[in-house]
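Chains as they are written, first to last, in this note's numbering: chain A, 106 to 209; chain B, 129 to 303.
A virtual CB, placed ideally from N, CA and C, is assigned to each residue, including glycine.
Below you'll find the structure, written out as structure tokens, and then a few comments.
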């Protein structure tokens, strides 16, 4: 006997909320990507918890696929961030598009 | 309250606390290190929920590879200007509204969860060998697609790096 299923889902929801807040409120491309990672991890926790609740191994398979997709996403995202940084010299999402913030 | 549930609440507290600390740090190196703690705790949680193989992979891929990649990039990039935090009022309003809708949806879903969700779950473990066999029997196409996705990501990253290097050498040749 471990814990009720709702507690696992509540934990995953809180983690997802933290990731969402990080993605929405931080003005830094790297922190934005970190927020995405937190959200993906929360989804994996929810999948594993649901797999245990339903006594299905399927949830763990979904968590494994989430891990692989996160690895691909973060490598491409970080390469893009380094590219953007070399070209514009900033990590602020607002400054990238145009001359919104003039760099000295 | 069994020893498993005590472990669960301990791990959950560590996860939430370290994630909250990571989200609010100004220093990105500290944020990444707190996130490593959070991912190690979630690997423990996977073990507790009977998923040893995803737990191991969480340590290797998430806490190992992805976070080290983040650390590399954070240390490679020197941030000159401190991170701005000046948002307009309606930005905060939008974020708060989004969060409120999300929390309301979550509470509604949890309240109206199906039968048996309030009772403690029985412990079960999927042995890694069984899990791997299941994965390759039922999800072989998904595994192939994921491997192709990783290959595409690799080629994309190479292309990004190479095009930048070519641009720079082209510029150097023009001078």
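One or two residues paired with residue 109 of chain A in a DSSP bridge:
Secondary-structure assignment with DSSP links residue 109 of chain A through a beta bridge to B/248.
Quick check: the Cα distance between residue 286 of chain B and residue 177 of chain A, rounded to an integer number of angstroms?
Their Cα atoms are separated by approximately 13 angstroms.
Give me the residue from A/137, A/180 and A/114 with the minimum Cα distance to residue 278 of chain B.
When C-alpha distances from residue 278 of chain B are compared across A/137, A/180 and A/114, the shortest belongs to A/180.
Verify the CB distance criterion: does residue 141 of chain A have a CB-CB separation below 8 angstroms to chain B?
When Cβ-Cβ separations below 8 angstroms define contact, residue 141 of chain A makes no contact with chain B.
Is residue 243 of chain B helix, strand or coil when you go by DSSP?
For residue 243 of chain B, the secondary structure class from DSSP, reduced to helix, strand or coil, is coil.
Does the beta-carbon of residue 143 of chain B have 16 or more other beta-carbons within 10 angstroms, so that it is buried, or is it exposed?
Buried, because 16 or more other Cβ atoms sit within 10 Å of the Cβ of residue 143 of chain B.
Going by C-alpha distance, which of A/173, A/182 and A/190 is nearest residue 204 of chain B?
It is A/190.
Need the endpoints of the alpha helix (DSSP H) that residue 150 of chain A sits in, please.
In this chain, the alpha helix (DSSP H) harbouring residue 150 of chain A covers 134–158.
Within 10 angstroms of the Cβ of residue 146 of chain B, are there 16 or more other Cβ atoms? Answer buried if so, exposed if not.
Classified as buried, residue 146 of chain B has 16 or more neighbouring CB atoms from the shown chains inside 10 Å of its CB.
Taking only beta-carbon atoms, is residue 256 of chain B less than 8 angstroms away from chain A?
So no, residue 256 of chain B is outside the interface.
Once the 5 residues before and after residue 156 of chain B are set aside, which same chain residues still bring their CB inside 7 angstroms of it?
Take residue 156 of chain B, set aside five residues on each side of it, and the residues of its chain with a beta-carbon closer than 7 angstroms to its own are 202, in chain order.
For residue 192 of chain A, count neighbouring Cβ atoms within 10 angstroms of its own Cβ and tell me buried if that reaches 16, exposed if not.
It is exposed - the Cβ of residue 192 of chain A has fewer than 16 other Cβ atoms within 10 Å.
Please state the DSSP three-state secondary structure of residue 195 of chain A.
Three-state result, residue 195 of chain A: coil.
Can you list, in chain order, the residues of the stretch 241–254 of chain B whose Cβ is nearer than 7 angstroms to any Cβ on chain A?
Here the close residues are 241, 245, 246, 247, 248, 249, 250, 251, 252 and 254.
From B/134, B/230 and B/221, pick the residue whose C-alpha is nearest to that of residue 124 of chain A; which is it?
If you compare the alpha carbons of B/134, B/230 and B/221 with that of residue 124 of chain A, the shortest gap goes to B/230.
Listing by chain order, which chain A residues have their CB less than 7 angstroms from the CB of residue 174 of chain B?
153, listed in chain order.
What residues from chain B crowd round residue 130 of chain A, counting only those whose CB sits closer than 7 angstroms?
Under the 7 angstroms cutoff, chain B gives 223.
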